[in-house]
Amino acid sequence: MLAFVLRRVFQSAIVLLVVGLVAFSMFRFVGDPVDNMLGQERTQADIERLRADLGLDQPFPVQYYKFLRGAVQGNFGVSYRQGRPVATIIKERAPATLELAAVSGAFAILLGIGLGVFTAIRRRGIAANVIMTLSLIGVSLPTFLIGILLIYVFSVELDLLPSFGRGDTVMVGGWSTGFLTQSGLLALILPGITLGLYQMTLIMRLVRSEMLEVLRADYIRFARARGLRDRAINFRHAMKNTLVPVITVTGLQLGSIIAFAIITETVFQWPGVGLLFINAVQFVDIPVMAAYLMLISVMFVAINLVVDLLYFAIDPRLRVDGRTG
Amino acid sequence: MTDTRAPHPATPGPTPARRSRWTEFRQSDFMYAFLRAPVAIAAFGFVALLVLGAVFAPLIAPHDPFNPASLNLMNGFTAPGVPNAFTGDVFVLGTDDQGRDVFSTILYGMRISLFVGFAAVLFAMVLGVTLGLVAGYLGGWTETLIMRIADIQLTFPAILVAMLIFGVAKGFTPVEYRDQMAIWVLIVAIGLSDWVQFARVVRGATLVEKNKEYVQAARMIGRSKAAIMLRHVLPNILSPVLVIATISLALAIIAEATLSFLGVGAPPTQPSLGTLIRIGQGFLFSGEWWILFFPAATLLALALSVNLLGDWLRDALNPRLR
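So the protein sequences, as listed, match chains S and C.
Convert by adding 2 to the 1-based position in the first sequence; the result is the number in the numbering used here.
Convert by adding 5 to the 1-based position in the second sequence; the result is the number in the numbering used here.
Take a look at the structure:
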């Protein structure tokens, strides 16, 4: 067990080091930020001064060391485009993305598991078949088209929900939240569904196939023979046993939600980290890109690690022959 | 693929002439299965239609959307099939704000979308197959290194990897070449984000083939490693590669559309379907639905039919992918 955990932690550290190197290489070799930051009317003196301010005149190893030291302290330099520290900008933007991710994650998990169990129990029902067909289309639709479709139906035609932005937000101890105002909550609905829909269909299909498998098992048949109620069999016996793979997939999808937030945030002009990143790509704002890359890889690696360990904790069978990893 | 069935009755003579490749293909199990799968035929027909439309866009398109001389601003916002109030011109699918014919922009947009899609998959395939073959056949630290990199890359969603590569490459290209280079950068970015699938499958298949007798025989007569990999192993593992390529094509087309939609893909001077959807989204609230609807519908239909084709191929060739 300990060896397994250590090996996983070691692997994660290696991944982060590699990503750090990539992020730093971006800093060092991509484009000329001075070119981008100064306008057409610049003097050689302006260029030299900015170069010194950004530390671009120093040798490679010094810059690398500075980058690593800064990154560990959460300091990613100054955005070329906004001229403000990247850490500050990300701190401002993070609540928007995290709240959106939380809403769509909850939507995906609750509805995904619910519909999965439903379609498995009522396998031959009309409703279950309709849901399965719709989910196939849902998987083929690119995220941004789902967003546009929802905007068209609920904002343009029905005029029920806002189509862009976060609505009113309230500051709670440095965290701007949209959960506490009506317009904030309404603004979360469409982006939340857009972002969560793919994950929802994925979880639903997984739960369904796992449920169908489990329902065929002997212990379920025995439970029926004992005369237990359907509800107890379905939810207490069957569903519990489907959850192990579901947790793995859901955990890994959590990272994807953060990544795919880029698309949803662009469609809905949601002022989060994803929109910040895509603007950084458009304007070649390397410090923001590098910071985003580092943050998201820490998140991905952490999620992977936690999922692995969780899997280990949930399934006792793994612990017995866990020595092989 | 060997065909052990009796020769076709139409081939005359006591020593039947070697059948042409085409006849062989027509009589293969593959074609037999294909001709009995209506969904596959429909999907293939539709994809072929779109590809032909894209290839012959300059001949088919009623207008040249990128020639400013042929545009008339008075034609702007003409609804589909309705004569324009000022000029009386009729456009099948309407026009956008600058009076460009939507049908023509879609045809030209598909050129970009399909070109980027096919080229990116080709790039990913060549890279992934090569690395997969090398990893599987040579083994050792080469294999460890390649597959480790693949594992790390797989941790991140492909679209994110493509965006990062696009952003970095954009930084490398001088400002004045950015629009020209954008298409090639897109191809490399999407291709690099997608090679892992090929490498993993090819490595797995190579590990199986490597110990078969024909490979041992080839090794014994002293063929070089490269020759064994390319001439002996590769032809025997092509069917899973074909399946992955088809599924990747749908993913690559959607990835390109997504990047272009986000404004980090095809430039406005060379709009792909994604760029057209991005432009059309701006007119969603003002009621000019056709500028958005037709490119979006084309993209969806294209992605869906390539997906269906890929699904069918996977079942038909039945490589143990899952």
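Ideal Cβ placement from N, Cα and C applies to all residues, glycine included.
- According to the DSSP assignment, S178/S belongs to the beta strand (DSSP E) that extends over 177-179.
- Against chain C, the CB of M296/S has no partner CB under 9 Å away; the residue lies outside that interface.
- A straight line joining the alpha-carbon of L192/S with that of S165/S spans about 8 Å.
- For the options G50/C, L243/C, D69/C, the alpha carbon positioned closest to that of G133/C is the one of L243/C.
- Listed in chain order, the non-local C-beta contacts of L55/C below 7 Å within the same chain comprise M115, L307, local neighbours out to five positions each way being set aside.
- In terms of beta-carbon proximity, P162/C lines the interface with chain S, with at least one pair separated by less than 9 Å.
- The beta-carbon of A262/C is placed less than 9 Å from the nearest beta-carbon of chain S.
- Residue pairing for D106/C: DSSP places it in a beta bridge opposite T100/C.
- Residues of the same chain with a CB within less than 7 Å of the CB of F30/C, apart from the 5 flanking positions on each side, are M36 in chain order.
- Listed along chain S are I150, each with a C-beta nearer than 7 Å to that of Q286/C.
- Cβ neighbours of V251/S within its own chain (closer than 8 Å, five residues either side excluded): L204, I205, L208.
- At a cut-off of 9 Å between C-beta atoms, T99/S does not count as an interface residue with respect to chain C.
- The residues M206, V209, R210, in chain order, have a CB closer than 6 Å to that of G118/S in the same chain once the five nearest residues on each side in sequence are set aside.
- Under a 10 Å Cβ-count criterion, P240/C is classified as exposed, with fewer than 16 other Cβ atoms of the shown protein chains found around its own Cβ.
- Taking each of D232/S, V17/S, R9/S, L278/S in turn and checking the Cα distance to I123/S, the smallest one comes out for D232/S.
- For V172/S, the enclosing beta strand (DSSP E) covers residues 172-174.
- In the same chain as I298/S, and ignoring 5 residues on each side of it, the C-beta atoms closer than 7 Å to its own belong to I260, A261, in chain order.
- At a cut-off of 9 Å between beta-carbon atoms, I296/C makes no contact with chain S.
- In the DSSP assignment, R51/S falls within the unbroken alpha helix (DSSP H) covering 46-55.
- Pairwise C-beta distances place the segment 277-291 of chain S in contact with the segment 88-99 of chain S, as three or more of them are shorter than 8 Å.
- In this structure, DSSP gives V17/S a helical state, which the three-state scheme calls helix.
- By the CB criterion at 9 Å, I65/C and L112/C fall inside the cutoff.
- Looking only at A108/S, L23/S, V88/S, I91/S, the smallest Cα-Cα distance to Y67/S is reached by L23/S.
- Three or more Cβ pairs closer than 8 Å define a contact, and the segment 154-170 of chain C meets that threshold against the segment 255-272 of chain C.
- Taking A84/C as the centre and dropping the five residues before and after it, the same chain places the C-beta of G99 closer than 6 Å to its C-beta, in chain order.
- Annotated three-state conformation of V269/C is coil, per DSSP.
- Residues of the segment 308-323 of chain C with a C-beta atom less than 7 Å from some C-beta of chain S are A308, L309, N312, listed in chain order.
- Neighbours of I157/C across chain S, judged by C-beta separation under 7 Å: V17, V20.
- Proximity to A304/S across S14/S, L4/S, F6/S, V7/S peaks at S14/S, based on C-alpha coordinates.
- In this structure, DSSP gives P70/C a state outside helix and strand, which the three-state scheme calls coil.
- In the pairwise beta carbon analysis, the segment 308-324 of chain C is classified as touching the segment 245-257 of chain C: at least three pairs are separated by under 8 Å.
- T274/C sits close to D184/C, with the two beta carbons spaced by under 9 Å.
- Going by DSSP, K175/C is part of the alpha helix (DSSP H) stretching over 163-177.
- Cβ-Cβ distances below 8 Å link V52/C to L307, S310, V311, L314 in the same chain, with the five nearest sequence neighbours on each side left out; the list follows chain order.
- Straight-line measurement puts the Cα of G140/S at about 11 Å from the Cα of L305/C.
- In summary, the residues of the segment 169-192 of chain C whose CB is separated from some CB of chain S by less than 7 Å are L169, F171, G172, V173, K175, G176, F177, in the order they occur in the chain.
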